[in-house]
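Residue numbers (the numbering used here), protein chains in the order written: chain A, 312 to 1003; chain B, 3 to 300.
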């Protein structure tokens, strides 16, 4: 076994191995919703679901795993304590990870057998005298030396600062060598081309040094290259600080940067995000496991101890302990290298440093309480949010000062759109593993429009059945994920059970599930305190309504629905489910309503003549261009294609999640972190649509 | 006696672990906690990259100590109590106060953002629940005219405090769930939003200590509900210790079961309800206790 723990197999370890094999907790990549959407029930197969890699024994990989997600998975794997194991379902190998211990296909029976096999292997091989070492290639760290007072002084070797003569202090960092601590691309840089800038205020971000530099999105100052910060956070601060306009002010600003930088560079979460290639590799706020090279727990302890001998004792300085902002004191205490030395040096040079001085230049949030801001990744592998969604919150205490969504799941599918028109629907169906039916239909509709083919009513009815069933399955999966996020165990478990059952059944025979679904939908609104929990979270009032589609729009009172103009739907008496409120509660209500409504549509469409879901025959030398739209479970998806002689030459896709991802900053900024996560989850973002 | 008490406490923790597994997975597996515990000792116990080593190492142990100290003054039977302190009801509060300290240490120690947010969040939770623990106990002590836990049980010989002070019972019950951070008050672990929170960085043997400590904490809180409100060892047929045990486990089961159906409480709602509703109710409960005692005396 690749993930064996070092040690000779004694009788006591034999017993422990048995226990470990029996008590299997799995961390799922990308996420458990995708597993359930494939009709698999990991819990029925004997797996518990871990919420952090630290508590997992098994890494459960479910295809597709794009490269950047694979990098995150390798970090997750390194975070898992040994013995650890990898089970790959529907995917054979993932770059950056050791070869899976067991590979199986997407099938419940196969999964159950695979879990038994994993158990057998763990029982036999949990301990091994020659446990292989796992090196993460996604994240490499190195030590650089920085002046505690002049953050611009960064050297690859120890020495003293040319400006003030202070000893340089070591800090660990990620990524390529650079002369400046802030030179690494920020997550914002990755996201710059992302569409979330569409609705932004063009003056939303500004440079702390150059107020004239304004931008709609986070990024770099064109004048000095410093990271841009939200304008709201600097207005009064800048006005107050810059009046004297002296170099001393400059110095203070730089110091604020070193405080932020110190935490970030030493804190593993930030470090991960500062890395260029592996910018989003850190799945979690956890550090990269030191033991990736260590061999045993005792080794870990010893290594840690020896490396941190300088600051394993409690920090001596009392003024650090009374820090009002946890993050600042955290920095000073934890990252003893920088923090303690800073304290000592400043004590030598200038005496006691007051809290007022320490917090003077920190960015201020609306409540005016100065706190250190830290970038914390909530993804791409964060249980509770869609797997693959790479969300980073800049936390000001436990409030969100800034939110950034980046493209972790980019698979470069655009390159595959061109090709034979006959296979185009199959290729487009791969866009989102959760809604293949809707995208296949979208491609077919576009091709049929190009060809000018009329759709047979029986086929239209069959399509309604399939698409509406997919909507039900999708909403149930969302409810399971959402229930887990808000901590309602009953909601999470019941929705998950129905999700798996619905995914297995398919639109053909929903019979036995109808009653259970209707009861479930009727019961969810009666969950105690659910309304209070969700009311007012993620309110879409004031955002660009153009960005909202599907359930998100309909929860805000906008009856936008691609099904409205469809004659086949009109014949079935369709009307969209619309609520007002525009918050997480309204979105939940809309999705619940849509489960019922889609169930009605499926049943109504079933009563009509049945037909195979086969596309109308298209001419072999089809040429032309056309657009089409389908109401996917997340909202209207548009497609514009050009076809020449039976070959698709151009395809432009307009999925709903792109606009919804652009809503994230507006919906989360200023919210408490749990509320911000609820707001993001209520959008039901598809990371696959954000990064096709 | 000491051995008997320790064994009883461990048996209680084991039973509570089985109950928790039953409530969360829906399956009754009596061997699961044993296997899970062994498995934890078989896994590596990792130290995060840049921990505050002292806080990281001591937090689970402190949580364990807090639970044990609380257990020391809770009587299983009239003569089956580790320390029959004259100020037992006060002492148990003091012991629980260290739960907050331990969780903040566990949040701070590993240098992880999730853990840190979770640790500080529990401080907010303490501000919400602290008065709901102390004030109902005051009313209970008024009736017993003593702070000794054994005297409080004996004072319920006529009828239990749950009937005498129903408001206090409800408040204390909810506060007890908040102390033990059981759902829906699991803000410091918050599986869906903070990926395990304060426990997120603990693995192997350290996690085993953390989990054992939490189970013992649940036992002490369920036992406290039993002793303060449900007549402790009082009951027919069975021996005294059995009654305390049965009631404690039923309280724990009800705590686990009830939390399943409610979403996690938002921290600001918790504070709002606690200060705007809970404290006035707790004062009313004390007044009610005074009035009823005066009336009975008359």
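A virtual CB, placed ideally from N, CA and C, is assigned to each residue, including glycine.
Contact note: residue 393/A reaches chain B through 45 and 46, using a C-beta cutoff of 8 Å and chain order. Restricting attention to 875/A, 776/A, 783/A and 796/A, the CA atom closest to the CA of residue 916/A is found in 776/A. Contiguous alpha helix (DSSP H) elements confined to the segment 9-74 of chain B occur at 34-44 and 55-74, taking only those with 4 or more residues. Against chain B, a Cβ distance below 7 Å from residue 331/A picks out 41, 44 and 45.
With respect to the 8 Å criterion, residue 969/A and residue 873/A are not classified as neighbours on the basis of their beta carbons.
Exposed is the label assigned to residue 297/B, since fewer than 16 other Cβ atoms lie within 10 Å of its Cβ.
For residue 835/A, no alpha helix (DSSP H) run applies, since DSSP gives it neither H nor E. Note that the C-beta distance between residue 377/A and residue 720/A is below 8 Å. Comparing C-alpha distances from residue 17/B to each of 34/B, 40/B, 28/B and 6/B shows the shortest one belongs to 34/B. Spatial neighbours of residue 403/A in its own chain (CB-CB distance under 6 Å, excluding positions within 5 residues in sequence) are listed in chain order as 414. Under the Cβ criterion of 8 Å, residue 190/B is not counted among the residues facing chain A. As the crow flies, the alpha-carbon of residue 295/B is around 19 Å from that of residue 152/B. Sequence-ordered contacts of the segment 209-242 of chain B with chain A read 209 [C-beta pairs closer than 8 Å]. Taking C-beta atoms as the reference points, residue 169/B and residue 91/B fail to come closer than 8 Å. Chain-order list of chain B residues neighbouring residue 983/A: 268, 269 and 270, by C-beta distance under 8 Å. A distance below 8 Å between beta-carbons, with the five flanking residues on each side excluded, links residue 829/A to the following residues of its chain, in chain order: 907 and 910. With a cut-off of 8 Å on Cβ pairs, the segment 808-815 of chain A is in contact with the segment 347-365 of chain A, counting three or more such pairs. Under the three-state reduction of DSSP, residue 949/A is assigned to strand.
In the same chain as residue 384/A, and ignoring 5 residues on each side of it, the C-beta atoms closer than 8 Å to its own belong to 340, 370, 372, 376, 405, 407, 408, 594 and 692, in chain order.
Straight through space, the alpha carbons of residue 444/A and residue 52/B are spaced by roughly 21 Å. The segment 257-274 of chain B makes contact with the segment 831-848 of chain A: 3 or more CB pairs, one atom from each, lie closer than 8 Å.
Judged by DSSP in its simplified three-state form, residue 862/A adopts helix. CA-CA distance, residue 705/A to residue 714/A, rounds to 6 Å. CA-to-CA, the gap between residue 180/B and residue 774/A works out to about 50 Å. Interface flag for residue 801/A against chain B is set, since a Cβ pair is found closer than 8 Å.
Taken in chain order, the whole alpha helix (DSSP H) runs of length 4 or more contained in the segment 254-286 of chain B are 269-274. Taking 8 Å as the upper bound for CB-CB distance, residue 754/A and residue 950/A are in contact here, some 7 Å apart. Shown here for residue 959/A: same chain residues with a beta carbon closer than 8 Å to its own, the five before and five after excluded, namely 728, 729, 730, 731, 732, 735, 952 and 953 in chain order. In this chain, the beta strand (DSSP E) harbouring residue 706/A covers 700-707. At least 8 Å separates the beta-carbon of residue 209/B from that of residue 327/A.
Residue 961/A counts as exposed, since fewer than 16 other C-beta atoms from the protein chains shown sit within 10 angstroms of its C-beta. If you compare the alpha carbons of 43/B, 282/B, 263/B and 10/B with that of residue 206/B, the shortest gap goes to 43/B. Closest in alpha carbon position to residue 759/A, among 935/A, 964/A, 992/A and 380/A, is 935/A.
Cβ-Cβ distances below 7 Å link residue 849/A to 894, 895, 978, 989, 990 and 993 in the same chain, with the five nearest sequence neighbours on each side left out; the list follows chain order. In this structure, residue 281/B lies near residue 133/B, with their beta-carbon atoms less than 8 Å apart. Contact note: residue 327/A reaches chain B through 40, 41, 43, 44 and 45, using a C-beta cutoff of 9 Å and chain order.
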